[in-house]
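Protein chains: 2
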Amino acid sequence: MNDVAATGISVLLVDDHPIVRQGYRRVLESQGDLHVVAEADNAADAYGAFKAHDPDVVVLDISMPGASGLEAIRNIRARSPRARILVFTMHNEAVLVKAAFSAGASGFVTKSSEPSAVVNAIRSVARGERAMSDDIAHILAEDSLSPTGSVLDQLGEREIEILRQFAGGATTEEIATHLNLSVKTVQNYHYLIKTKTGARTDAQLVRLAATCGLTRI
Amino acid sequence: MNDVAATGISVLLVDDHPIVRQGYRRVLESQGDLHVVAEADNAADAYGAFKAHDPDVVVLDISMPGASGLEAIRNIRARSPRARILVFTMHNEAVLVKAAFSAGASGFVTKSSEPSAVVNAIRSVARGERAMSDDIAHILAEDSLSPTGSVLDQLGEREIEILRQFAGGATTEEIATHLNLSVKTVQNYHYLIKTKTGARTDAQLVRLAATCGLTRI
DNA sequence: ATCCGGCTTGGGAAATTTGCCCGAGCTGCA
DNA sequence: TGCAGCTCGGGCAAATTTCCCAAGCCGGAT
């Protein structure tokens, strides 16, 4: 491996919003040492782009249609354990953060962070360090202290993803398509989530998701 | 800068993610005719910034924490009816689009749009035209409904009451009992409300009720 | 090595709800 | 008088939800 510090840091941007990618690209490139060598707008393309360009850092938003972003992380890491992945998203739920790290992410930064925090996180991750924004650290700290787990802790990763999409207004079929599952499976998850959380109504489910920060209203 | 009209279009950016604002700013300013004169990261500051800078166009994401973005639109328009507001968000639910337009927005563009579509929308809005991205036009076309009013204006007294209880988490039977109606009638109202508002999902209904202040979450 | 438990994925079948059509009573209004 | 709109519910096919079950997989415990 050559010296990253001398040549700069190559970045693969993964986000489903074209304009957002454009913006990030400009912000990162204005730093001088960061170079966006490729972009992808979905989890499926992310690994292809990674393979083709072998970037130092992958910056990706985990809230994408198609396969879950967590899926993408595992995907990339399974084939390239050296990969450095920085999750960059608007979500800040403790369960999500933990899921991302255990999936193999090297860092987790929210979009509420200052641009400087984001670029510093990219540099940290490129050096092989772990990185997270202050708000994430705070949330993880609180979480580790609280004896009463959030309701979401009872839910598996898939369940959380489905709950998020459901609360966001997606139909069962849309979720099935996004996640490449059968409608039947999504229906079963829907039911499972309700029983696990104790919600007796779809509306209660949405409120629950909202109060847990899974969705914004 | 003497004549704004001759020198380009001044823009106020409202989005709660600093990095995202940075990115938009760079994308817009690279166009030459667009100038970001101010930014705000919440609905409350948006009007202050508007008053201070009198921009030609306000570009804002309605999915912000704190006060609803719709609130912000109404706020600005109430005091400055000339204001041109372009909603720029990742959401693409028909109910939200209609709510935004009836709140006084001049345009609605999703973040899935190409950057060129976004800047063109800004130019259109600056000229006083209405603008929306193709996906939004498609969604509204499908929706193909009555000329607007606030979404709640289409609903009768009973419908609103039932929507409130439903969004609050009540079961169909519970609502029927509370209001002394047959379950069948409540079911019919449920259906009616969905078709009238264009909500395709119970979750969308809850979100709608929440954004209209019918229920708190 | 083996077993256990949990996650994920779906089948099946009964129960319930939805989607959409309908009619009827009531009110206000032209 | 008549129309229009809200309120209330029946009917019925289609879809969804509700439960229960099974199989594969994986990680941890024995």
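Chains as they are written, first to last, in the UniProt record's numbering: chain U, 1 to 217; chain B, 1 to 217.
All residues carry an ideal CB built from backbone N, CA and C; glycine is no exception.
Treat the numbers as computed from the prediction; the structure is a model and nothing was measured.
Residues bridged to residue i [DSSP beta-bridge criterion]
i: residue 280 of chain U; result: Lying outside 1 to 217, the shown extent of chain U, residue 280 of chain U is not represented and no answer is given.
i: B:I9; result: B:L34
i: U:E39; result: U:L13
i: B:L60; result: B:V14, B:V87
Top-ranked residue by Cα proximity to residue i, from the options
i: U:V58; options: U:R207, U:A126, U:H91, U:A103; result: U:A126
i: B:G104; options: B:A117, B:A40, B:R79; result: B:R79
i: B:F88; options: B:C212, B:G69, B:Q165, B:G169; result: B:G69
i: U:P81; options: U:G128, U:V151, U:D202; result: U:G128
i: U:Q31; options: U:P115, U:Y191, U:D45; result: U:P115
i: B:T197; options: B:V183, B:A52, B:K51, B:I160; result: B:I160
Backbone CA spacing between residue i and residue j [nearest angstrom]
i: B:A67; j: B:A43; result: Since pLDDT at B:A67 reaches only 44, below the 50 mark, its modelled position is unreliable, and no value is offered.
i: U:S124; j: B:R25; result: 26 Å
i: B:I139; j: U:N75; result: 34 Å
i: U:H178; j: U:I85; result: 22 Å
i: B:E71; j: B:S106; result: 15 Å
i: U:I73; j: U:I62; result: 9 Å
i: B:D202; j: U:D202; result: 7 Å
i: B:R158; j: U:L96; result: 40 Å
i: B:S112; j: B:N180; result: 46 Å
i: U:H91; j: U:L152; result: 14 Å
i: U:D3; j: U:I9; result: Confidence is the limiting factor: at U:D3 the pLDDT is only 45, short of 50, which leaves the residue's position unreliable, though a coordinate-based value still follows. If you take the alpha carbons of U:D3 and U:I9, they lie about 10 Å apart.
i: U:A121; j: U:A131; result: 6 Å
i: B:I19; j: B:G156; result: 43 Å
i: U:C212; j: U:E93; result: 7 Å
i: B:S102; j: U:K98; result: 41 Å
i: B:D45; j: B:L60; result: 12 Å
i: U:V119; j: U:V11; result: 11 Å
i: residue 235 of chain B; j: U:Y189; result: Summary: the structure shown does not reach residue 235 of chain B, with chain B confined to residues 1 through 217, and so no result is reported for it.
i: U:K195; j: U:Q154; result: It should be pointed out that residue 195 of chain U corresponds to Thr in this sequence rather than to Lys. In a straight line, the C-alpha of U:T195 is about 11 Å away from that of U:Q154.
i: B:A100; j: B:V109; result: 11 Å
i: U:I136; j: U:V27; result: 22 Å
i: B:L145; j: B:G48; result: Interpretation of B:L145 is limited by its pLDDT of 43, a score under 50 that renders its predicted location unreliable; the figure taken from the coordinates is listed afterwards. Looking at the two C-alpha atoms, the distance is approximately 35 Å.
i: U:I193; j: U:V183; result: 15 Å
i: U:K51; j: B:F50; result: 46 Å
i: U:Y191; j: B:Y191; result: 22 Å
i: U:G23; j: B:A141; result: 30 Å
beta-carbon residue i near the ligand SAH non-hydrogen atom, thresh 8 Å
i: B:V36; result: The ligand SAH is not among the ligands present in this structure, which contains no ligands whatsoever.
Own chain partners of residue i with C-beta closer than 7 Å, once the 5 adjacent residues on each side are dropped
i: U:V186; result: I162, T172, I175, A176
i: U:R21; result: L13, D15, E39
i: B:D33; result: G8, I9
Same chain only: Cβ atoms within 8 Å of residue i, ignoring 5 sequence neighbours per side
i: B:P65; result: Note that B:P65 scores 47 on pLDDT, short of 50, meaning its location in the model is unreliable and no value can be drawn from it.
i: B:T215; result: R164, A167, G168, V206, A209
i: B:E29; result: H35, V36
i: B:R77; result: A83, I85, A103, G104
i: B:A170; result: H178
Own chain partners of residue i with C-beta closer than 6 Å, once the 5 adjacent residues on each side are dropped
i: U:A117; result: S133
i: B:R200; result: none
i: B:D56; result: I9, S10, A126
i: B:I217; result: A210
Interface residues of chain B facing residue i [CB-CB closer than 7 Å]
i: U:K194; result: Here the premise fails: no neighbours, minimum Cβ distance about 12 Å.
i: U:R26; result: G23, R26, V27
Within chain B, the residues that residue i reaches when beta carbons sit closer than 9 Å
i: U:A203; result: F166, A167, G168, G169, A170, D202, A203, L205, V206, A209, T215
i: U:S113; result: H17, P18, I19
i: U:V97; result: Those within 9 Å of U:V97 in chain B number zero; the least Cβ separation is about 17 Å.
Interface residues of chain U facing residue i [CB-CB closer than 8 Å]
i: B:M90; result: H17
Chain U contact residues for residue i, given Cβ-Cβ distances below 7 Å
i: B:E93; result: G169
8 Å Cβ cut-off: residues of chain B touching residue i
i: U:V118; result: I19
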